[in-house]
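Shown next, in structure tokens, is the structure this report addresses.
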Amino acid sequence: EPEVTQTPSHQVTQMGQEVILRCVPISNHLYFYWYRQILGQKVEFLVSFYNNEISEKSEIFDDQFSVERPDGSNFTLKIRSTKLEDSAMYFCASSEGSLTNEKLFFGSGTQLSVL
Amino acid sequence: RKEVEQDPGPFNVPEGATVAFNCTYSNSASQSFFWYRQDCRKEPKLLMSVYSSGNEDGRFTAQLNRASQYISLLIRDSKLSDSATYLCVAYGGSQGNLIFGKGTKLSVKP
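If you read the protein sequences in the order shown, they are chains H and G. Residue numbering for the first sequence follows the working numbering, starting at 1280 and increasing by one per position. Residue numbering for the second sequence follows the working numbering, starting at 3 and increasing by one per position.
Listed below in structure tokens is the structure:
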């Protein structure tokens, strides 16, 4: 079965540093997403991306966050100046079409630890 | 505020038991509902969609009650491999914005 791949699986960074989390969505998918899950908490929506632009974002996705599709295969999440509270598992996901009709596929996640 | 609420458990059951999970959602405009399964520190994986008429997939049965705004999942003849956290999820129509419950932990014992 095709899968969403994420790298790295673990990222440790110092507070205030920039991090880029990388994702390769499933090749024929058109919608891309980032979610995060703080340890012991709910999975939370961050942002959705379609047709090379953000289609929706949550209140978590503030000016410190940005997403990019730099080429035809990668989808990245950048956190400009990391805070301790950014420590979480970050999941990339993709879907072939709108979630009204299509299934969401998650990657295995990047565990971000901010020290 | 859009919320999905679940009993966190844990539910500790013996193999072969039948176990039921419920969840409630606050946004009456939610269009679609799902049950996801999440193993410890892994990604959520779709278990099944939930339809108003109820649907069954092998040992799993999901029900939706729109009037009461609750969703249920029934697992029959539970297996050791069913041990996981079960996430109730609502989709309100906003692109990509799935609302996850905190999950109900199931532990199936031999």
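For every residue, glycine included, the Cβ atom is placed at its ideal position computed from N, Cα and C.
Item: Taking C-alpha atoms, which residue in G/Ser109, G/Gly94, G/Ile77 lies nearest to G/Phe102?; Value: G/Gly94
Item: Applying the criterion that 16 or more other CB atoms from any shown protein chain within 10 Å of the CB defines a buried residue, is H/Tyr1369 buried or exposed?; Value: buried
Item: Mind checking which residues open and close the beta strand (DSSP E) that includes H/Arg1348?; Value: Segment: none, H/Arg1348 is in no beta strand (DSSP E) and carries neither H nor E.
Item: Anyone know if the C-beta pair for G/Val21 and G/Ile73 falls short of 9 Å?; Value: no
Item: Could you please give me the residues that DSSP links to H/Met1368 through a beta bridge?; Value: H/Gln1316, H/Gln1390
Item: Are there three or more Cβ pairs, one per stretch, closer than 8 Å when the segment 1359 to 1373 of chain H is compared with the segment 22 to 35 of chain G?; Value: no
Item: Have a look at G/Ala64 and G/Ser51 and give me their C-alpha separation to the nearest angstrom.; Value: 8 Å
Item: Output, in chain order, the set of chain G residues within a Cβ distance shorter than 8 Å of H/Ser1387.; Value: Lys44, Glu45
Item: Who are the near neighbours of G/Ser109 in its chain, counting only those whose CB is closer than 6 Å to its CB and skipping five residues on each side?; Value: Pro12, Asn14, Ser85
Item: Using 9 Å as the limit for Cβ to Cβ distance, is G/Lys104 near chain H?; Value: yes
Item: Counting only Cβ pairs nearer than 8 Å, list the residues of chain G close to H/Val1291.; Value: The contacting residues do not exist; H/Val1291 stays about 16 Å from chain G at best.
Item: Under the three-state reduction of DSSP, which class applies to G/Ser34: helix, strand or coil?; Value: strand
Item: Looking at C-alpha atoms only, which residue of H/Thr1284, H/Ser1392, H/Val1326, H/Ile1317 is the closest neighbour of H/Thr1361?; Value: H/Ser1392
Item: Which residues, in order along the segment 18 to 29 of chain G, keep a beta-carbon less than 8 Å from a beta-carbon of chain H?; Value: none
Item: Residues in its own chain within less than 8 Å of G/Leu100 by CB, not counting five upstream and five downstream?; Value: Phe36, Val91, Ala92, Tyr93
Item: Starting from H/Leu1309, trace the beta strand (DSSP E) both ways and give me its first and last residue.; Value: Segment: none, H/Leu1309 is in no beta strand (DSSP E) and carries neither H nor E.
Item: Pick helix, strand or coil for G/Leu75, following the three-state DSSP scheme.; Value: strand
Item: Please list the partners that H/Phe1340 has in chain G, where partner means a Cβ-to-Cβ separation under 7 Å.; Value: Within 7 Å Cβ-Cβ: nothing; H/Phe1340 doesn't reach chain G, min ~11 Å.
Item: Would you check if the segment 1330 to 1338 of chain H and the segment 1286 to 1294 of chain H touch, i.e. whether three or more CB-CB distances between them fall below 8 Å?; Value: no
Item: Could you check which residue in G/Tyr53, G/Gln8, G/Ser83, G/Val6 has the C-alpha nearest to that of G/Gly18?; Value: G/Ser83
Item: Roughly how many angstroms lie between the CA atoms of H/Ser1387 and G/Phe62, to the nearest whole one?; Value: 24 Å
Item: Specify the secondary structure class of H/Asp1342 as computed by DSSP and reduced to three states.; Value: coil
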